[in-house]
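J.: Following the UniProt record's numbering, the numbering of the sequence shown begins with 1 at its first residue and continues without gaps.
Glycine is no exception: its CB is placed at the ideal position from the N, C-alpha and C atoms.
Being a predicted model, the structure only gives us computed values, none of them experimental.
Here it is: the structure, laid out below.
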Amino acid sequence: MTEQLPPDPADDPLLDELLAVALEAARRAGALLRDGRPADLGVAATKSSPIDVVTEMDIAAEKLITDHLAEHRPHDGLLGEEGGATEGTSGIRWVVDPLDGTVNYLYGLPTWAVSIAAERDGEALVGVVEVPLRGETFHAVRGRGARLGERPLRCRPAPPLDQALVATGFNYVTTVRAHQAEVAHRLLPLVRDIRRSGSAAVDLADVAAGRLDGYYERGLRPWDRAAGTLIAREAGALTGGRPGGPATDDLTVAAVPGVFEPLQTLLEDFGAWHD
Numbered sequence: 001m002t003e004q005l006p007p008d009p010a011d012d013p014l015l016d017e018l019l020a021v022a023l024e025a026a027r028r029a030g031a032l033l034r035d036g037r038p039a040d041l042g043v044a045a046t047k048s049s050p051i052d053v054v055t056e057m058d059i060a061a062e063k064l065i066t067d068h069l070a071e072h073r074p075h076d077g078l079l080g081e082e083g084g085a086t087e088g089t090s091g092i093r094w095v096v097d098p099l100d101g102t103v104n105y106l107y108g109l110p111t112w113a114v115s116i117a118a119e120r121d122g123e124a125l126v127g128v129v130e131v132p133l134r135g136e137t138f139h140a141v142r143g144r145g146a147r148l149g150e151r152p153l154r155c156r157p158a159p160p161l162d163q164a165l166v167a168t169g170f171n172y173v174t175t176v177r178a179h180q181a182e183v184a185h186r187l188l189p190l191v192r193d194i195r196r197s198g199s200a201a202v203d204l205a206d207v208a209a210g211r212l213d214g215y216y217e218r219g220l221r222p223w224d225r226a227a228g229t230l231i232a233r234e235a236g237a238l239t240g241g242r243p244g245g246p247a248t249d250d251l252t253v254a255a256v257p258g259v260f261e262p263l264q265t266l267l268e269d270f271g272a273w274h275d
C-alpha cells in the first residue's frame, strides 16, 4: 500500500473553505464591535486579576462568531477565550479571541482586533486578524503566504539588533508584570526602541506587515497567538518560545530572521519566561 501525500496547500479546498468562514466571522464580529460599542460600556467580569477585564461586547462578539462557526462548520471543535472549549469530530478546531485588546476597547483606543484561527493536530492552518478601526484584515493560509487584504505581506529585512523596533506586552497579574518590566528595562538599551500596543494579535500582524522587527510576550494564551503567529510565519518571520521550542503560554517570540535569534537568546538570558 502506497502512502498518500497530503494535498498541496494551493489545491486543498478545505483550506479555502476554512479561510472563507474565518474571514466572514471576523468581518461580522469586527463590525459588531465597531458599530455596536455603547457609549457607557462597562466591565462585565474580570479574568486573571481585577484589571484583566471582560466587557459585554467581548461576550456578544464571541457568540456571533461561535454561532457562525456552528452554522457553517458544525462538526468542528472550538477553543474560545470567553466560552471555554468544546470537542468536535472533524479534526478541525477553531481558536477564537473575539476581542484582543479589551482594555484598549474599553477606553476607546483604536488598537484592538478579532483573532480567529483554524487548526488541525495543534497546527494552525488558517489565521485571520481583523483590525476594524484601521480598516485592515490580515489573513494567512499555511503554505500560501500572508496577506493584508489582497496585498501579499513580507516582513522587513533584518536590521542589526540595536536598530530593531521590538514590541511587547504586559500581564495583568502584578507579580508577573513587575518581572516583565525588569526584562524590558534590560532589553531597551540593546534595541532601537520598544513599543506596547495592548494587542498581541495586532503586534504579530504588524511583524508580518513590516511595521515591527520583532515581538515577544510572556503569558499569551492560544487564542492570543494562534492566528497572529501563523500570519507572521507566512510573511517570513520566525516564531517560537524558548530556544528550540514552540511558542507557549510561557513565552512567545516572533521576529524577522536575523533579529529572532539574538532576541530569543537575550530573552532566555533575562529569564523572560518566569518571575
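Whole angstroms is fine: what's the gap from Tyr107's alpha carbon to Gly88's?
T.: Within the sequence shown, residue 107 is the residue found at index 107, counting from 1. Within the sequence shown, residue 88 is the residue found at index 88, counting from 1. Cα-Cα distance, rounded: 36 Å.
J.: CB-CB under 7 Å to Pro246, same chain, minus the five flanking residues each way: which ones, in chain order?
T.: On the sequence shown, position 246 is the one that residue 246 refers to. For Pro246, where only same-chain residues beyond five positions count, the Cβ hits under 7 Å are Gly240.
J.: Could you give the distance in angstroms between the alpha-carbon of Ile92 and the alpha-carbon of Asp203?
T.: On the sequence shown, residue 92 is found 92 positions in, with the first residue counted as 1. On the sequence shown, residue 203 is found 203 positions in, with the first residue counted as 1. Roughly 26 Å between the two C-alpha positions.
J.: Going by DSSP, which residues form a beta bridge with Arg120?
T.: Position 120 of the sequence shown, counted from the start, is the residue given in the question as residue 120. Partner(s): Ile92 and Glu123.
J.: Where does Met1 fall in DSSP's three states?
T.: As a working note, residue 1 is residue 1 in the sequence shown. Unreliable positioning characterises Met1 in this predicted model, as indicated by a pLDDT of 37, which lies under 50. The coordinate reading is nonetheless provided below. Here Met1 sits in coil by DSSP.
J.: So the candidates are Val256, His72, Val43 and Gly169; which of them puts its Cα closest to the Cα of Arg225?
T.: As a working note, residue 225 is residue 225 in the sequence shown. Per the Cα distances, Gly169.
J.: For Arg195, which residues of its own chain have a beta-carbon under 6 Å away from its beta-carbon, when the five flanking residues on both sides are left out?
T.: Position 195 of the sequence shown holds residue 195. Ala167, listed in sequence order.
J.: Would you report the Cα separation of Thr2 and Leu18, rounded to the nearest angstrom?
T.: Position 2 of the sequence shown holds residue 2. Position 18 of the sequence shown holds residue 18. Any reading at Thr2 needs caution, since the residue's pLDDT is 36, under 50, leaving its predicted position unreliable; the model's value is listed next. Roughly 29 Å separates the two Cα atoms.
J.: Is it a yes or a no for the stretch 65 to 83 touching the stretch 97 to 114, going by three-plus beta-carbon pairs under 8 Å?
T.: yes
J.: Indicate the three-state DSSP secondary structure (helix, strand or coil) for Gly30 in the structure shown.
T.: Translated into positions along the sequence shown, residue 30 becomes position 30. If DSSP states are grouped into helix, strand and coil, Gly30 belongs with the helices.
J.: May I ask you to verify whether the stretch 19 to 31 touches the stretch 132 to 147, counting CB pairs closer than 8 Å and requiring at least 3?
T.: Short answer: they touch.
J.: Between the C-alpha atoms of Ser115 and Glu217, what's the straight-line distance to the nearest angstrom?
T.: One-based indexing of the sequence shown puts residue 115 at position 115. One-based indexing of the sequence shown puts residue 217 at position 217. Their Cα atoms are separated by approximately 17 Å.
J.: Can you list, in chain order, the residues of its chain with a C-beta nearer than 7 Å to that of Ala44? Leave out the 5 residues immediately preceding and following it.
T.: Numbered from its first residue, the sequence shown carries residue 44 at position 44. Counting only Cβ-Cβ distances below 7 Å, and skipping sequence neighbours, we find Val54, Thr55, Glu56 and Ile59.
J.: What residue range does the beta strand (DSSP E) around Tyr216 cover?
T.: If you number the sequence shown from 1, residue 216 lands on position 216. Start and end: Gly214 to Glu217.
J.: Using beta-carbon positions only, say whether Leu148 and Asp213 come within less than 7 Å of one another.
T.: Start at 1 with the first residue of the sequence shown, and residue 148 comes out as number 148. Start at 1 with the first residue of the sequence shown, and residue 213 comes out as number 213. No.
J.: If you scan the stretch 160 to 185 from start to end, which runs of the beta strand (DSSP E) of 3 or more residues do you find wholly inside it?
T.: 165 to 168
J.: In terms of residue numbering, what span does the beta strand (DSSP E) encompassing Ala254 cover?
T.: Along the sequence shown, read from residue 1 onward, the residue named residue 254 stands at position 254. It spans Thr252 to Ala255 - the beta strand (DSSP E) in which Ala254 sits, taken as one unbroken run.
J.: How far does the alpha helix (DSSP H) with Asp206 in it reach, from first residue to last?
T.: Walking along the sequence shown from the start, residue 206 turns up at place 206. Its alpha helix (DSSP H) spans residues Ala200 to Ala208.
J.: With 16 other CB atoms within 10 Å as the buried threshold, where does Ser90 fall?
T.: In the sequence shown, residue 90 corresponds to position 90, counting from 1. Classification of Ser90: exposed, given that the 10 Å Cβ count is below 16.
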